[in-house]
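J.: Counting in the UniProt record's numbering, the sequence shown runs from 1 upward without gaps. The beta carbon of each residue, even a glycine, is placed where N, CA and C say it ideally should be. Just passing along the structure, written as structure tokens.
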Amino acid sequence: MADVHDLRIVIIGAGMGGLGAALAFAKKGFKHIDVFETASNLGFVGAGIQMPPNIARMLDRLGCWEDMSRAATNVKGTSIRQGSSNVELSHVEMPDIEEKYGFPHCTGHRSSLAGGLFDGCKKERAVHFHFSTALVKINSFAPKPTITLKPRDGDEYTVEADILLASDGIKSVARAQMLAELGLESQEEDTGQAAYRIMLRRSEMAHDPEMLALLDSDTVVRWVGERRHIIAYPVSNHQIYNLSTAQPDSNFASATNATYTTKGSKAVMLKVYEEFCPLVHRLLNLVPDGEVCEWKLRTHKPLATWVHGSVALLGDACHPTLPHLGQGAAMAVEDGAVLAEVVSKMPSDGLHDPAAISKTLKVYELLRKPHCSALVDMATHSGRILHLGEGPAKEERDRLFRENGKTGSVPDKWASPDVQKMIYSNDCIQEARDKFARLYATL
Ligand SMILES: Cc1cc2nc3c(=O)[nH]c(=O)nc-3n(C[C@H](O)[C@H](O)[C@H](O)COP(=O)(O)OP(=O)(O)OC[C@H]3O[C@@H](n4cnc5c(N)ncnc54)[C@H](O)[C@@H]3O)c2cc1C
Numbered sequence: 001m002a003d004v005h006d007l008r009i010v011i012i013g014a015g016m017g018g019l020g021a022a023l024a025f026a027k028k029g030f031k032h033i034d035v036f037e038t039a040s041n042l043g044f045v046g047a048g049i050q051m052p053p054n055i056a057r058m059l060d061r062l063g064c065w066e067d068m069s070r071a072a073t074n075v076k077g078t079s080i081r082q083g084s085s086n087v088e089l090s091h092v093e094m095p096d097i098e099e100k101y102g103f104p105h106c107t108g109h110r111s112s113l114a115g116g117l118f119d120g121c122k123k124e125r126a127v128h129f130h131f132s133t134a135l136v137k138i139n140s141f142a143p144k145p146t147i148t149l150k151p152r153d154g155d156e157y158t159v160e161a162d163i164l165l166a167s168d169g170i171k172s173v174a175r176a177q178m179l180a181e182l183g184l185e186s187q188e189e190d191t192g193q194a195a196y197r198i199m200l201r202r203s204e205m206a207h208d209p210e211m212l213a214l215l216d217s218d219t220v221v222r223w224v225g226e227r228r229h230i231i232a233y234p235v236s237n238h239q240i241y242n243l244s245t246a247q248p249d250s251n252f253a254s255a256t257n258a259t260y261t262t263k264g265s266k267a268v269m270l271k272v273y274e275e276f277c278p279l280v281h282r283l284l285n286l287v288p289d290g291e292v293c294e295w296k297l298r299t300h301k302p303l304a305t306w307v308h309g310s311v312a313l314l315g316d317a318c319h320p321t322l323p324h325l326g327q328g329a330a331m332a333v334e335d336g337a338v339l340a341e342v343v344s345k346m347p348s349d350g351l352h353d354p355a356a357i358s359k360t361l362k363v364y365e366l367l368r369k370p371h372c373s374a375l376v377d378m379a380t381h382s383g384r385i386l387h388l389g390e391g392p393a394k395e396e397r398d399r400l401f402r403e404n405g406k407t408g409s410v411p412d413k414w415a416s417p418d419v420q421k422m423i424y425s426n427d428c429i430q431e432a433r434d435k436f437a438r439l440y441a442t443l
């Protein structure tokens with residue numbers, strides 16, 4: 001092998017993390033990138049997604065932001081409202097996000113994010129997709145990882161990689177096997193929360209001026225109540241209004257299923273939000289019967305390591321998060337980009353030395369783990385604050401919401417200027433460039 005770009009990179013999972021990693025490695029000039037995905041295609045979830053400046057910066061470097069941003073909503077503010085009354089607790093203006101951080105804070109359709117990354121990959125000769133093919137087992141983690149794969153309609157076969165990147169999501173098979181190999185326990189955590197994801201079309205909202213005002217705005221609205229909230233924003237050139245909720249997980253509590261999703265009952269959904277205001281009722285009432293879909297929100301206890309041998313975990317496989325900070329997909333795409341950056345920096349005399357590959361992957365972990373762990377904790381904390389019931393803690397929260405602006409901070413962490421500064425100004429690629437040599441030398 002002549003140079004680092006000849007390394008065979010095998011990626012498990014074609015979600016945001018896997019697609020982002022494949023594209024980032026291709027853009028860095030790696031020549032052999034194979035992506036294995038259980039599903040037969042990208043399987044677009046009908047849902048919106050927040051695209052904050054830190055993911056926009058990554059997507060721009062990967063050459064796909066311009067296309068994606070066309071249909072996205074450039075968010076100019078957020079309105080945090082009492083769910084029961086629709087009365088505004090706080091309005092955080094965000095007029096200068098692009099000026100401050102180089103990119104706007106946008107909301108978009110998940111299919112445009114995943115589709116844009118996929119289209120970018122398809123233009124790269126180095127990237128090969130193998131859909132309908134599941135990782136069954138990691139047979140060895142080093143020196144060269146070997147894995148067993150199972151095509152949906154075929155026999156199992158084995159593949160060897162120089163580097164294996166597992167972006168197989170919250171239910172990661174790779175994570176479970178890595179932990180077992182290290183003698184550690186897999187500790188998935190039930191958050192006690194579940195989410196409805198809803199998309200309403202302009203034609204469905206057209207009869208209601210109050211709804212249309214939401215759809216035509218460039219504002220993210222969060223309606224908060226005890227143990228539940230709804231976040232909502234326009235996507236797809238203001239043609240679709242996206243709502244994502246969080247409520248106590250009572251429907252999954254008795255029986256979970258393999259995908260953590262279930263067809264829900266509209267009557268139950270309306271009951272869950274019955275204390276909310278008439279505007280919210282009217283929005284939820286637009287969801288057709290039989291089209292209510294609920295997600296179980298799960299996380300995992302912090303992992304002792306993300307790397308073993310020549311295998312690294314990324315995205316939800318190693319830092320699953322509650323969605324309350326809107327950073328899950330951004331973190332997954334950043335992980336892949338940082339991996340491509342550090343592997344491309346690996347000293348060439350380490351090419352035939354598995355220990356050098358492992359050290360390089362460890363640099364990725366050192367760069368990413370503290371940052372992602374802090375964001376995961378913040379998302380959990382933000383959920384706790386947003387879901388407070390009546391009492392002194394809620395009174396204090398609402399006072400802080402009303403004081404918005406004076407302290408540079410609001411209790412809803414995703415909307416809080418101090419948190420935005422911490423997350424949005426963090427250029428993880430520049431950080432990897434600046435710190436690689438020093439961190440590598442410490443290992
Ligand atoms: C309700 C809700 C709202 C959210 N809102 C936001 C938001 O606004 N902003 C944001 O940034 N994030 C949000 N997130 C989080 C975000 O969706 C995830 O963090 C992100 O998708 C993680 O990407 P990933 O690639 O790590 O995992 P995934 O997107 O889960 O992808 C994993 C892929 O691996 C495949 N796979 C799994 N097992 C195997 C196997 N054995 N072999 C082969 N392939 C396999 C799966 O089929 C899947 O395609 C939200 C999440 C939820 C649940």
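Tell me whether the segment 86-96 and the segment 25-40 touch, counting them as touching only if at least three CB pairs, one residue from each stretch, are closer than 8 Å.
T.: no
J.: Starting from R222, trace the beta strand (DSSP E) both ways and give me its first and last residue.
T.: 219-225
J.: Jot down the residue ranges of each uninterrupted beta strand (DSSP E) in the segment 28-111, minimum 3 residues, whole runs only, in chain order.
T.: DSSP runs (the beta strand (DSSP E)) wholly in the segment 28-111: 32-36, 48-51, 77-82, 88-93, 106-109.
J.: Can you tell me whether DSSP reads P370 as helix, strand or coil?
T.: Helix, per DSSP.
J.: Helix, strand or coil for V235, going by three-state DSSP, please let me know.
T.: strand
J.: Taking the alpha-carbon of V159 as reference, which of A415, D316, G391, V10 has the nearest alpha-carbon?
T.: Per the Cα distances, V10.
J.: In whole angstroms, give me the CA-to-CA distance for T442 and S172.
T.: 30 Å
J.: Kindly indicate which three-state DSSP category Y273 falls into: helix, strand or coil?
T.: Coil.
J.: Does the distance from the CB of T245 to the CB of L322 come in under 7 Å?
T.: Taking a C-beta distance under 7 Å as the contact criterion, T245 and L322 do not qualify as a contact pair.
J.: Between S373 and the rest of its own chain, which residues show a CB-CB distance below 8 Å, the 5 nearest in sequence each way excluded?
T.: P302, H319
J.: I believe residue 488 touches L283 by the beta-carbon criterion, under 8 Å. Please report the beta-carbon distance rounded to the nearest angstrom.
T.: With the chain running from 1 to 443 in the structure shown, residue 488 is simply not present.
J.: Would you call K413 buried or exposed, if buried means 16 or more other Cβ atoms sit within 10 Å of its Cβ?
T.: buried
J.: Taking a contact to mean a Cβ-Cβ separation below 7 Å, would you say D162 touches R57 in this structure?
T.: Contact flag unset, no.
J.: Put N404 into one of helix, strand or coil per three-state DSSP.
T.: DSSP places N404 in coil when its eight states are reduced to three.
J.: Closer than 8 Å is the cut-off here; do at least three beta carbon pairs connect the segment 94-108 with the segment 68-77?
T.: yes
J.: In the DSSP assignment, find the unbroken beta strand (DSSP E) run with Q193 in it and report its ends.
T.: 188-201
J.: Please state if the CB of G48 and the CB of residue 447 are separated by a distance shorter than 7 Å.
T.: Because residue 447 is not part of the residues shown, which for the chain are 1 to 443, the question remains open.
J.: Alpha carbon to alpha carbon, what distance is there between K296 and L117?
T.: 26 Å
J.: Between which residues of its own chain and F131 is the CB-CB distance below 8 Å, once the five residues before and five after are set aside?
T.: If we look at F131 and ignore the five residues flanking it on each side, its Cβ neighbours are A14, E37, A39, S40, N41.
J.: With hydrogens ignored, establish whether the beta-carbon of Q247 is closer than 6 Å to any heavy atom of ligand 1.
T.: no
J.: Buried or exposed: Y424, going by 16 or more other Cβ atoms within 10 Å of its Cβ?
T.: That one is buried.
J.: With distances taken from CA atoms, which of K150, T148, L179, L135 is nearest S167?
T.: L135
J.: Comparing C-alpha positions only, which one of M346, G328, G115, N404 sits nearest to G169?
T.: G328
J.: On a Cα-Cα basis, can you pick out the residue from D353, L325, H324, K359 that is closest to L339?
T.: K359
J.: Mind the definition here: the segment 270-287 touches the segment 302-315 only if three or more C-beta pairs lie below 8 Å; say whether that holds.
T.: With a cut-off of 8 Å, the segment 302-315 and the segment 270-287 do not count as touching, because too few Cβ pairs lie within range.
J.: Does the distance between the C-beta of W65 and the nearest non-hydrogen atom of ligand 1 fall short of 6 Å?
T.: No, the Cβ of W65 stays beyond 6 Å of every heavy atom of ligand 1.
J.: Take D153 and list the residues in its own chain whose beta-carbon comes closer than 8 Å to its own, dropping the five residues that flank it on each side.
T.: S132
J.: I'd like to know whether the C-beta atoms of P145 and S310 end up nearer to each other than 7 Å.
T.: yes
J.: Confirm the yes/no value for this check: CB of residue 446, any heavy atom of ligand 1, distance under 6 Å.
T.: Here the chain has residues from 1 to 443 only, and residue 446 is not among them.
J.: For the putative contact between V292 and R228, defined by C-beta atoms under 8 Å, what is the C-beta separation to the nearest angstrom?
T.: Between R228 and V292 the Cβ distance is about 15 Å, and since that is not below 8 Å, they are no contact.
J.: Within 10 angstroms of its Cβ, does G183 collect 16 or more other Cβ (buried), or is it exposed?
T.: exposed
J.: So what's R228 in DSSP terms, helix, strand or just coil?
T.: strand
J.: Helix, strand or coil: which one does DSSP assign to T360?
T.: Residue state, collapsed to three classes: helix.
J.: Determine the direct distance from the alpha carbon of L314 to that of G17, and round the result to whole angstroms.
T.: 7 Å
J.: Since N285 is in the alpha helix (DSSP H), which residue starts that stretch and which ends it?
T.: For N285, the enclosing alpha helix (DSSP H) has its first and last residue at 278-285.
J.: Report the option in A142, L59, D119 whose CA atom is closest to the CA atom of A356.
T.: A142
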